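J.: Can you read through this structure? Questions will come right after.
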Amino acid sequence: MARIPSRVVLVTGCGAGIGRVTAAQLLSRGHVVCASARRRESVDELTKMFADAGDWVMTTRLDVAEPSSFDGVIDAIIGRFGRLDVLINNAAYGQAGAVEELTIDAVRRQFDVNLFGLLELTQRVLTVMRAAGAGRIINISSVVAHVALPFMGAYNAGKSALNGLTDTMRMELRGSGIDVVLIEPGAIRTSFGDTSVAALDASTPAAGSRYAGRYGRWQRRWRQQLGAVAASPESVARVIVRAVESSRCRARYRVTSAARFGPLLKAVLPDRLVDRLILKMFHAD
């Protein structure tokens with residue numbers, strides 16, 4: 028892949044996984060990167076990890092659930108690099124739990140991070156891109172926006188909403204010089220699965236749940252599936268880099284076979300048959 032002129036890229040959710048690997052790949056390709064993370068410990072790790080990148084990288088704390096910090100981060104990027112070409116909305120987590128038992132606070136927190144915070148950050152960045160007459164917004168979604176998984180209702184709903192928002196933005200921004208892109212991975216080998224299970228433990232009844240047995244089977248199968256069929260974060264990062272660098276980017280990139288074939292199966296098979304297949308796959312019936 029030939030090098031192209033460097034772009035100034037803000038990546039959210041670089042504490043681990045896809046975000047961190049994407050930031051590293053972008054730097055290796057000669058782009059200027061602002062790598063952000065929610066936890067200060069993660070920012071310190073990023074600073075050490077990218078120490079050799081010098082002026083090509085900036086590390087900062089950014090919690091997408093705390094919009095009060097957005098303007099400071101954007102101003103710092105503009106002040107240091109003079110522009111902001113690409114926003115990669117990667118920060119997210121998966122709130123596990125049966126819809127019947129999820130607390131409203133847990134669902135609200137899921138949407139604050141995976142949708143509302145993302146939207147507000149995007150709106151702030153769009154002000155900069157509008158002034159420049161160019162830019163690119165890349166939203167990291169998931170195959171679950173098309174094919175729902177049991178006990179992941181809050182996450183499924185948030186990613187479905189993100190897809191609808193992204194498709195709408197793409198139409199509304201047509202002709203502005205600003206591209207809007209969706210990346211839809213399937214299962215990826217990151218800490219996401221453990222985080223989802225931890226969120227389940229923290230937000231649903233520890234004992235007496237009518238789903239207790241199914242939760243246990245689902246958790247075991249979830250970890251088995253991630254170990255057996257999940258793709259590497261590097262494979263997703265390569266696609267994200269392609270979306271950053273392409274002169275004519277696609278509207279949507281599907282990463283992994285599950286992301287490509289899942290929506291197709293949903294389109295051609297009866298809904299209840301798809302339900303049975305997924306429940307059996309995750310031992311959740």
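The opening position of the sequence shown corresponds to residue 28 in my numbering, with each subsequent residue numbered one higher. Don't be surprised by glycine CBs; every beta carbon is placed ideally from N, CA and C. A quick note: this is a predicted structure, and the numbers were derived from the prediction, not measured.
1. What did DSSP end up calling residue 166 once you bin it into helix, strand or coil?
2. Checking 8 Å against the spacing of the C-beta atoms, do residue 164 and residue 270 come in under that value?
3. Is residue 280 closer than 8 Å to residue 211 when the C-beta atoms are compared?
4. If you measure between the beta carbons of residue 59 and residue 49, is that distance less than 8 Å?
5. Helix or strand or just coil, what does DSSP make of residue 8?
6. Assuming residue 214 contacts residue 283 under a Cβ cut-off of 8 Å, what Cβ separation, rounded to an integer in Å, is found between them?
7. Return helix, strand or coil for residue 91, following the three-state DSSP convention.
8. With DSSP as the reference, label residue 157 as helix, strand or coil.
9. Please report the residue range of the alpha helix (DSSP H) in which residue 102 lies.
10. Give the secondary structure of residue 39 by DSSP, where H, G and I count as helix, E and B as strand, and everything else as coil.
11. Output the distance between the C-alpha atoms of residue 183 and residue 126, rounded to the nearest integer angstrom.
12. Tell me whether residue 206 sits in a helix, a strand or coil according to DSSP, three-state version.
13. Helix, strand or coil, according to DSSP, for residue 74 in the structure here?
14. Where does residue 56 fall in DSSP's three states?
15. Could you check which residue in 53, 93, 267 and 152 has the C-alpha nearest to that of residue 138?
16. Secondary structure at residue 295, three-state DSSP: helix, strand or coil?
T.: Checking against the coordinates, here is how it stands:
1. strand
2. no
3. yes
4. no
5. Residue 8 lies beyond the range of the chain shown here (28 to 312); nothing can be said about it.
6. 7 Å
7. coil
8. helix
9. 97 to 108
10. coil
11. 11 Å
12. strand
13. helix
14. coil
15. 93
16. helix
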